[in-house]
Amino acid sequence: MLSLIAQRHLRHGAHVYDLGCSLGASGLALAGALPPDAFRYTGVDLSPAMVTQARQTFADECPAYAMQVEEADIRTLEYAPSGMIILNFTLQFLPAADRDALLARLYAALEPGGVLILSEKTVDADERDNAWRVERYHDFKRANGYSDLEISQKRTALENVLVPDTLDALHGRLKQAGFPRSMTWFQYLNFASLIAFKEG
Numbered sequence: 069m070l071s072l073i074a075q076r077h078l079r080h081g082a083h084v085y086d087l088g089c090s091l092g093a094s095g096l097a098l099a100g101a102l103p104p105d106a107f108r109y110t111g112v113d114l115s116p117a118m119v120t121q122a123r124q125t126f127a128d129e130c131p132a133y134a135m136q137v138e139e140a141d142i143r144t145l146e147y148a149p150s151g152m153i154i155l156n157f158t159l160q161f162l163p164a165a166d167r168d169a170l171l172a173r174l175y176a177a178l179e180p181g182g183v184l185i186l187s188e189k190t191v192d193a194d195e196r197d198n199a200w201r202v203e204r205y206h207d208f209k210r211a212n213g214y215s216d217l218e219i220s221q222k223r224t225a226l227e228n229v230l231v232p233d234t235l236d237a238l239h240g241r242l243k244q245a246g247f248p249r250s251m252t253w254f255q256y257l258n259f260a261s262l263i264a265f266k267e268g
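Residue numbers (our numbering): 69 to 268.
Next comes the structure, spelled out in C-alpha cells:
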C-alpha cells in the first residue's frame, strides 16, 4: 500500500524521509514500484548496525536509485523540504513530551500537498476493548510459533519503553502539529496506520 499511496500523492522527483527506517523495507517497497527518477530517499535510524545493513541492501537491490541512509536522531535532524515522510512504529518510542515537537517539525518540512504516513501500536481508551485486542494479538503470536515465555519476555522488555497513544490522541497530535486532515487508513487489532495531509 505504501507504494500505491506514493504513486497517488508523491510529486515526481520529491524527497522522501523514512524515519526509524530499520533495514529499509519501506525504501525497497518504493523502489519496487517507482522508477529511479521518481523520488530521492533518505532513511534515518539511530542503530549503526541497521544503517550499515540498509545501506548495503540498497546498494545491492536498487543501485540505480538515490537512496541515502543516515545515522541520526530524528528529533534533531535538519529536514529538507519533502513530499512524503514515513514514520512507522517509531513515534511510540519517543518520550511523550518530544512527540508533538517532532510532528510540528515534520509538518513544517513537508511541501504543500505532501503526506505523512504514521504507523503505531495503539491502545484503546476502553480497558476491556484494549485487553481483548492484546489477547487476540498474543493468540496470533502463539499461532505463529511463539511460546508464552517469549510473549511475556517481549512484553516485559517493551514495558515503559514503548508507550502507545490512542487513535484519538494520535489524530489530536497531528492536528496540533498543523495538519488540517488526517485519517486512519489501516487498522489490525492494536496496530494502525494513519495518513496526514498538508494542503497545497
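Backbone N, C-alpha and C fix where the C-beta goes; we use that ideal spot for every residue, glycine too.
If you drop the 5 nearest sequence neighbours on each side, which residues of the same chain put their C-beta closer than 8 Å to that of residue i?
{"i": "A82", "result": "F107, R108, S150, G151, M152, E179 and G182"}
{"i": "E129", "result": "L96 and A99"}
{"i": "A164", "result": "V231"}
{"i": "L70", "result": "S94, A97, L98, I154 and I185"}
Keeping to the same chain, check which residues put their C-beta closer than 6 Å to that of residue i; ignore five residues upstream and five downstream.
{"i": "L155", "result": "L87 and L186"}
{"i": "L171", "result": "R241 and A245"}
Residue i and residue j look like a contact to me (Cβ under 8 Å); what is the Cβ gap, rounded to whole Å?
{"i": "A193", "j": "T234", "result": "5 Å"}
{"i": "G188", "j": "L238", "result": "Looking at the sequence shown, residue 188 is not Gly but Glu. Indeed they touch by this definition, with Cβ atoms about 6 Å apart."}
{"i": "F247", "j": "A264", "result": "4 Å"}
Under a Cβ-count criterion, where at least 16 other Cβ atoms within 10 Å of its own Cβ denotes burial, should residue i be classed as buried or exposed?
{"i": "H80", "result": "exposed"}
{"i": "A148", "result": "exposed"}
{"i": "S250", "result": "buried"}
For residue i, collect the residues of the same chain with a Cβ closer than 7 Å to its Cβ; drop the 5 residues on either side in sequence, then sort them by chain order.
{"i": "D166", "result": "R143"}
{"i": "D168", "result": "R241, Q244 and A245"}
Segment contact flag, the segment 93 to 100 with the segment 189 to 209, C-beta cutoff 8 Å, min 3 pairs: The answer is no - the segment 189 to 209 does not touch the segment 93 to 100, with fewer than three Cβ pairs under 8 Å.
Unbroken stretches of the beta strand (DSSP E), 3 residues or longer, contained in the segment 159 to 210: 178 to 189
Complete runs of the beta strand (DSSP E) confined to the segment 78 to 162 [at least 3 residues]: 82 to 87, 107 to 113, 135 to 139 and 150 to 156
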